[in-house]
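The next block holds one structure in the form of structure tokens; read it before the comments.
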Amino acid sequence: MIWRCRDRAFDLERRTLVMGVLNVTPDSFSDGGRFLEPAAALTRAREMLDEGADLIDVGAESTRPGAAPVPADEQLARLAPVVEALAGEPRATLSIDTADARVAERALALGAHVVNDVSALGDPAMARVVAASGAGLVLMHMQGVPRPMQDDPRYEDVAREVRDFLAARLEAAVAAGVAAERIALDPGIGFGKSVAHNLTLLARQRELLTLGQPLLVGWSRKSTLGAVTGRPVEERLAASVAAALLALERGAHVVRVHDVAATVDALKLWQAMKHEEAHTT
Ligand code: HH2
Numbered sequence: 001m002i003w004r005c006r007d008r009a010f011d012l013e014r015r016t017l018v019m020g021v022l023n024v025t026p027d028s029f030s031d032g033g034r035f036l037e038p039a040a041a042l043t044r045a046r047e048m049l050d051e052g053a054d055l056i057d058v059g060a061e062s063t064r065p066g067a068a069p070v071p072a073d074e075q076l077a078r079l080a081p082v083v084e085a086l087a088g089e090p091r092a093t094l095s096i097d098t099a100d101a102r103v104a105e106r107a108l109a110l111g112a113h114v115v116n117d118v119s120a121l122g123d124p125a126m127a128r129v130v131a132a133s134g135a136g137l138v139l140m141h142m143q144g145v146p147r148p149m150q151d152d153p154r155y156e157d158v159a160r161e162v163r164d165f166l167a168a169r170l171e172a173a174v175a176a177g178v179a180a181e182r183i184a185l186d187p188g189i190g191f192g193k194s195v196a197h198n199l200t201l202l203a204r205q206r207e208l209l210t211l212g213q214p215l216l217v218g219w220s221r222k223s224t225l226g227a228v229t230g231r232p233v234e235e236r237l238a239a240s241v242a243a244a245l246l247a248l249e250r251g252a253h254v255v256r257v258h259d260v261a262a263t264v265d266a267l268k269l270w271q272a273m274k275h276e277e278a279h280t281t
């Protein structure tokens, strides 16, 4: 399977991709305020590229439970210097974590390659903007909106409902002109889901592969890992790497992580094992 994002084409059969998280925000749940200054953000982006990140996902609006929306102008003021500087680097594929079509349009004009839309086309102008640019698009499932989404999430069958939602958003994106080969799907771990819902989505992740699209997942440092291990956000590295590997084992094509170096090591081990397996069985 190939995932096309403007002039980039990722062969997803070859290996799982690592998307490194860069939050240019004062309030993200695990690293808020650390990379708000463009110089600090650029240093971190280059560090993640050195560590083996395939994509850098730049976000200017926290989507943590209870987060308030950030106006488009403010998102752009935070993003633009970082996107402009990184767009000139051939090894950087840039994803923009925004649900706002105006922010996406400007970031794409500055050279971004992917729009990571956690609202899955909640902004009616988004599909047109993405289609016109040939950018990659990530459609993510969320129940509700970030502010109250964790209050009392309910599903009859979370895996089926997330799959049905993503199927419908995929259809809508294609109908609006975004080529299917550019669209990745994401179950939205932690977005309007209880610990049990998130773990069910991991256990039944393969059901999402039946939609025939690249699958992206983000478990990194999330509160379900805290609930399972009893650890605060700054001590969730081991659980985050384990979750990435479990997702990989269940067919994930892209993992969205804060800790790129550790994840890349784990993925290399998986890859080496698969190589031996293919040659000895
Ligand atoms: N998770 C977060 C943000 N964006 N996008 C996708 N596609 N999938 C995810 O799981 C996902 C996402 C939350 O993590 P983070 O960016 O670290 O935190 P915050 O939203 O507080 O900035």
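Going by the numbering used here, the sequence shown opens with residue 1, and the numbers climb by one from there. Quick reminder that beta carbons are idealized off the backbone N, C-alpha and C, glycines included. Computed from a prediction, not measured in an experiment: that's the story for all the values here.
| Check | Outcome |
| --- | --- |
| Nearest to arginine 46 (by Cα), restricted to the options Val83, Asp31, Tyr155, Ala168 | Val83 |
| Glycine 177 burial status per 10 Å Cβ neighbour count (16 or more: buried) | exposed |
| Residues sharing a beta bridge with threonine 93, DSSP | Leu55 |
| Residue burial classification, isoleucine 189 (beta-carbon count within 10 angstroms, cutoff 16) | buried |
| Three-pair Cβ contact test at 8 Å for the region 16-27 versus the region 61-81 | yes |
| Phenylalanine 29 CB to nearest heavy atom of the ligand GTP below 6 Å | Absence of the ligand GTP from the depicted structure is noted, with the ligand HH2 being the only ligands included. |
| Closest Cα partner of leucine 55 within the set Ala92, Val257, Glu276 | Ala92 |
| Whether alanine 266 touches valine 241 by CB criterion (7 Å) | yes |
| Beta-carbon spacing of arginine 154, glycine 66 below 7 Å | no |
| Proximity of glycine 144 and glycine 218 at Cβ, strictly below 7 Å | no |
| Contact under 7 Å by Cβ, alanine 184 with valine 138 | yes |
| Distance cut-off 6 Å: asparagine 23 Cβ against heavy atoms of the ligand HH2 | yes |
| Assigned exposure category for isoleucine 2 - 16 Cβ within 10 Å defines buried | exposed |
| Delimiting residues of the beta strand (DSSP E) encompassing aspartate 11 | 8-11 |
| Cβ-Cβ distance between alanine 87 and glycine 111 below 7 Å | yes |
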